[in-house]
Amino acid sequence: MLNLVLFGPPGAGKGTQSQKLIDKFQLVHLSTGDLLRGEIAKGSVLGLEAKKLMDEGKLVPDEVVIGMISNKLVENSDVKGFIFDGFPRTVAQAEALDTLLGNHNQKISTMISLEVDNEELEKRLLLRGKDSGRPDDANPEVIRKRIAEYQSKTTPVANYYNQQGKLNTVYGIGTIDEIFSKISDVVEQIK
Ligand code: B4P
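In my numbering, the protein residues as written are 176 to 366.
Right under this line is the structure:
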């Protein structure tokens with residue numbers, strides 16, 4: 176199985192590049208952001224609790240997102256592999272993912288980390304906020320909070336995978352196709 180972690184700050188292009196990776200490598204896309212927005216749309220208890228945190232630019236508790244991913248791994252047992260998009264976002268989530276995959280005799284193949292400076296991130300997210308309807312993209316203060324959450328809680332995850340020899344950094348500024356080509360090169364090397 177080919178199991179990829181697509182990593183990077185909010186607005187780095189994770190969701191955008193995931194769509195192209197799914198088409199090229201026939202992987203199942205697991206985006207915790209999309210799963211949480213699905214719960215919000217359904218109006219579930221989990222969704223209502225998550226919405227409050229997401230609207231403030233904060234991370235949702237580890238056990239919530241780990242539970243969602245665990246369910247999805249069970250539902251998709253016979254696939255070519257997964258793209259984990261926006262997950263793991265804390266070291267506790269990364270450890271839990273290793274355990275969950277280990278239970279299915281699987282592991283993470285590699286991590287691709289998209290590098291984009293803060294000024295560009297803010298610009299992209301505000302632009303998307305104009306028509307996405309996502310409250311967390313509409314407010315510059317919330318965007319800055321998300322970037323700060325990333326810097327304090329999520330950046331240690333890169334080191335976690337680096338220690339396993341699985342970290343690949345890709346410069347995330349340029350056209351979507353240019354960036355995709357660099358990501359594809361990394362994936363082809365480990366296939
Ligand atoms: P996510 O849904 O993961 O959203 P995101 O970080 O904003 O990234 P996304 O993938 O959507 O954007 P992309 O970079 O592709 O998370 C939202 C919230 O959910 C979090 O803040 C948190 O509260 C919660 N959450 C999710 N997962 C969690 C977890 N594991 N633990 C705890 N909480 C969790 O694209 C951004 C924009 O840039 C787009 O408009 C795109 O068109 C544009 N773009 C992309 N590539 C570009 C390029 N090369 N040039 C110009 N623009 C580009």
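For glycine and all other residues, C-beta sits at the position ideal for the given N, C-alpha and C. Here the structure is a predicted model, which means the values were calculated and not measured.
Beta-carbon proximity check, residue i vs residue j, cutoff 8 Å
i, j, result
"F262", "L205", "yes"
"G242", "N178", "no"
"L275", "L300", "no"
"I358", "Q194", "no"
"G222", "I215", "yes"
"I351", "P185", "no"
"G232", "K298", "no"
"D306", "T265", "no"
"V345", "V362", "no"
Neighbourhood of residue i by C-beta distance below 8 Å, restricted to the same chain and skipping five residues each side
i, result
"G183", "K189, S288, L289, E290, V291, G347"
"D273", "K282, I283"
Identified DSSP bridge partners for residue i
i, result
"M176", "For M176, which the question treats as bridged, DSSP gives no partner whatsoever."
"R221", "Sequence check: residue 221 is Leu here, not Arg. In the DSSP output, where bridge partners are listed per residue, L221 has none listed."
"G256", "L177"
"F182", "S288"
"T265", "Paired residues: none, contrary to the question."
"V203", "F257"
"N343", "I287"
Reference residue i, options the options, closest by Cα
i, options, result
"D230", "R309, M176, E270, M243", "R309"
"L234", "E214, K328, V362", "K328"
"L296", "D312, K227, Q339", "D312"
"H279", "N314, L302, G213, N246", "N246"
Neighbourhood of residue i by C-beta distance below 6 Å, restricted to the same chain and skipping five residues each side
i, result
"F259", "V180, L205"
"M176", "G256, Q281"
"A269", "P263, V332, Y335"
"L228", "V235"
"V203", "N251, V254, F257"
"A187", "L289, V291, G347"
"K226", "I215"
"I318", "E297, L300"
Sequence-distant residues of its chain with Cβ nearer than 7 Å to residue i (five each side left out)
i, result
"M286", "V180, F182, Y336, K341, L342, N343"
"Q201", "K255"
"K366", "L177"
"N293", "I322"
"F355", "Q192, K195"
"V240", "T207, F262, Q268"
"E324", "G232, K233, L234"
Could you name the residues whose beta carbon sits closer than 5 Å to any heavy atom belonging to the ligand B4P, keeping them in chain order? P185, G186, A187, G188, K189, G190, T191, T207, G208, M229, L234, V235, V240, G261, F262, R264, R299, R303, R321, I351
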